[in-house]
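Position 148 of the sequence shown, counting from 1, maps to 188 under my numbering, and the rest follow consecutively.
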Amino acid sequence: MAMPWEDSVKNRNPKQLTIFVAPTLSKPWRRAFDDALKTFNHLSQAHRLGVTMTAPANATKPEPDGDGGADVQFDTGSGDLAYTAFVFVPETPTVTAQMRVARDKFNDVQREAGHGIKHFIAAHELIHVCGLDNSEHTTYGPDADLFIRQPQPFSGPFNKPDEDRFVLHIPTGSKPNVVSPPIFLKTAIADLIRDNWA
Ligand SMILES: [Zn+2]
Numbered sequence: 041m042a043m044p045w046e047d048s049v050k051n052r053n054p055k056q057l058t059i060f061v062a063p064t065l066s067k068p069w070r071r072a073f074d075d076a077l078k079t080f081n082h083l084s085q086a087h088r089l090g091v092t093m094t095a096p097a098n099a100t101k102p103e104p105d106g107d108g109g110a111d112v113q114f115d116t117g118s119g120d121l122a123y124t125a126f127v128f129v130p131e132t133p134t135v136t137a138q139m140r141v142a143r144d145k146f147n148d149v150q151r152e153a154g155h156g157i158k159h160f161i162a163a164h165e166l167i168h169v170c171g172l173d174n175s176e177h178t179t180y181g182p183d184a185d186l187f188i189r190q191p192q193p194f195s196g197p198f199n200k201p202d203e204d205r206f207v208l209h210i211p212t213g214s215k216p217n218v219v220s221p222p223i224f225l226k227t228a229i230a231d232l233i234r235d236n237w238a
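Below, the structure is given as structure tokens:
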């Protein structure tokens with residue numbers, strides 16, 4: 041079940057969560073976070089989610105007692121994901137990509153995932169920040185969206201990490217595969233977020 045934020049947050053006008061971005065975040069993750077924040081706010085506007093997010097440069101760490109500081113901390117590493125106030129993304133997500141080793145020979149090689157995958161992961165976590173939990177994930181297939189459970193990486197070639205995406209659905213017939221980014225929300229998830237902030 042979606043967990044509502046406390047009234048002192050929900051009653052703000054405008055309804056906006058502030059995010060403290062860990063200064064230790066790597067450059068690629070900082071870029072992914074910045075894009076995810078823009079993506080979230082676009083989705084919020086398009087679906088009238090009723091909440092936006094901001095990451096002001098002068099934000100400070102959330103206070104443990106919830107009094108002062110930012111509402112949310114975005115960081116790499118691991119931690120207790122039960123709290124919406126903390127987002128931890130994996131330091132170096134990897135994908136298996138095809139590396140050309142000879143004229144017509146390719147090997148599967150692990151490498152760091154590209155921007156598209158990090159952007160998606162960061163944006164997915166921002167949906168959790170809205171209060172949605174694991175039981176509300178969408179599933180791989182026609183209903184999948186940003187809030188998919190265990191998305192499957194769909195890597196570009198070894199030397200083209202910018203082509204990395206997640207695959208959300210492989211339809212039968214001649215319809216194209218659904219990959220993301222571009223990032224989108226289906227109505228069901230948008231409704232859950234809106235209801236949680238109403
Ligand atoms: Zn999730």
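Here a beta-carbon is modelled for each residue, glycine too, at the ideal position from N, C-alpha and C. Here the structure is a predicted model, which is why all the values come from computation and not from measurement.
Around the beta carbon of H164, a 10 Å sphere encloses 16 or more other beta carbons of the protein chains shown; the residue is thus reported as buried.
Annotated three-state conformation of T179 is coil, per DSSP.
Between the alpha carbons of R234 and R88 lies a distance of about 7 Å. According to the DSSP assignment, D231 belongs to the alpha helix (DSSP H) that extends over T227 to W237.
Uninterrupted beta strand (DSSP E) stretches at least 3 residues long and entirely within the region 85 to 138 occur at 92 to 94, 112 to 116 and 126 to 129, given in chain order. Of the candidates A62, H159 and P197, the residue whose Cα lies closest to the Cα of D148 is P197.
Ligand 1 has no heavy atom closer than 7 Å to the beta-carbon of N236. Membership of I59 in the beta strand (DSSP E) is indicated by the continuous run Q56 to V61. Look at K158 here: in three-state DSSP terms it is helix. Distances from the CB of H168 to the heavy atoms of ligand 1 include at least one below 7 Å.
Counting along the chain, D148 sits inside the beta strand (DSSP E) bounded by residues K145 to E152. With a 10 Å radius around the Cβ and a threshold of 16 neighbouring Cβ atoms, K67 comes out exposed. Cβ-Cβ distances below 8 Å link H209 to Y180, G181, P182, A184, N217 and V218 in the same chain, with the five nearest sequence neighbours on each side left out; the list follows chain order. Boundaries for S214: no alpha helix (DSSP H) harbours it, and the DSSP string shows neither H nor E there.
Comparing alpha-carbon positions, the option among E46, S84, I157 and D144 lying closest to A230 turns out to be S84. Secondary structure note for S48: it is in no beta strand (DSSP E), and the uninterrupted alpha helix (DSSP H) holding it is D47 to K50.
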